[in-house]
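Reviewing the structure listed below.
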Amino acid sequence: MMQKKIIDPPLPIAVAKPPHWIKQERRKLKLNSNAAILSQLGCIGIGCLIHDEDGIVLAIVSQRMPSSFSPLMAELIAIKEGLLFTTKIHFTVNIVESDCSNDVSVNSSNSVSSNNLIASDIAMLLTDFGARTGCLVHY
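Take the sequence shown: its position 87, counted from the start at 1, is 87 in full-length UniProt numbering, and no numbers get skipped.
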């Protein structure tokens, strides 16, 4: 009689979940922005990129600004500078995304409390683009 071998079941394999990415509608451009506070240097760094619905990067801008801002203000400045950059290169973005630690939703009738001036500028730029209301997304 043949003896059966008992084989331990395989261990589960841990698979890293890929970052969540949703393909944009055709002919829609997205602006991603980010800010870093470089307190030892007394400045902030901002970076923005514009990509199409396939994730292909069409333009990038980065900048260092001497000053000390709160994280929320730095993120709002990054968004504003990114939108100004898009106007300089004659692109129209439909979606703006930031990894701001606070969810920020800006439209023409609603702005962020202590950062009203920057938020108002962002709302005006978004209105000029005809971007979707509430297009600032926390991820």
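Where is the CB? At the ideal position from N, CA and C, for every residue including glycine. Keep in mind it's a predicted model, so treat the numbers as computed, not measured.
Coil, strand or helix - residue i by DSSP
| i | result |
| --- | --- |
| residue 127 | helix |
| residue 79 | helix |
| residue 85 | helix |
| residue 70 | coil |
| residue 107 | In this prediction, residue 107 has a pLDDT of 45, which is less than 50 and means its spatial position is unreliable; nothing more can be read from the coordinates. |
Residues bridged to residue i [DSSP beta-bridge criterion]
| i | result |
| --- | --- |
| residue 37 | 44 |
| residue 51 | 30, 57 |
| residue 65 | 44 |
C-beta atoms of residue i and residue j nearer than 8 Å
| i | j | result |
| --- | --- | --- |
| residue 38 | residue 50 | no |
| residue 77 | residue 123 | no |
| residue 28 | residue 89 | no |
| residue 31 | residue 43 | no |
| residue 46 | residue 73 | no |
Residue i, buried or exposed, once every other Cβ within 10 Å from all chains shown has been counted against 16
| i | result |
| --- | --- |
| residue 41 | exposed |
| residue 33 | buried |
| residue 82 | buried |
CA-to-CA distance, residue j to residue i, given in whole angstroms
| i | j | result |
| --- | --- | --- |
| residue 98 | residue 85 | 16 Å |
| residue 118 | residue 80 | 7 Å |
| residue 55 | residue 26 | 11 Å |
| residue 69 | residue 125 | 22 Å |
| residue 52 | residue 67 | 32 Å |
| residue 93 | residue 61 | 15 Å |
| residue 100 | residue 121 | 17 Å |
| residue 109 | residue 127 | Low per-residue confidence applies at residue 109: pLDDT is 48, beneath 50, and the placement is therefore not dependable, though the value from the model is reported in the following sentence. Taking the straight line from one Cα to the other gives about 11 Å. |
| residue 71 | residue 63 | 16 Å |
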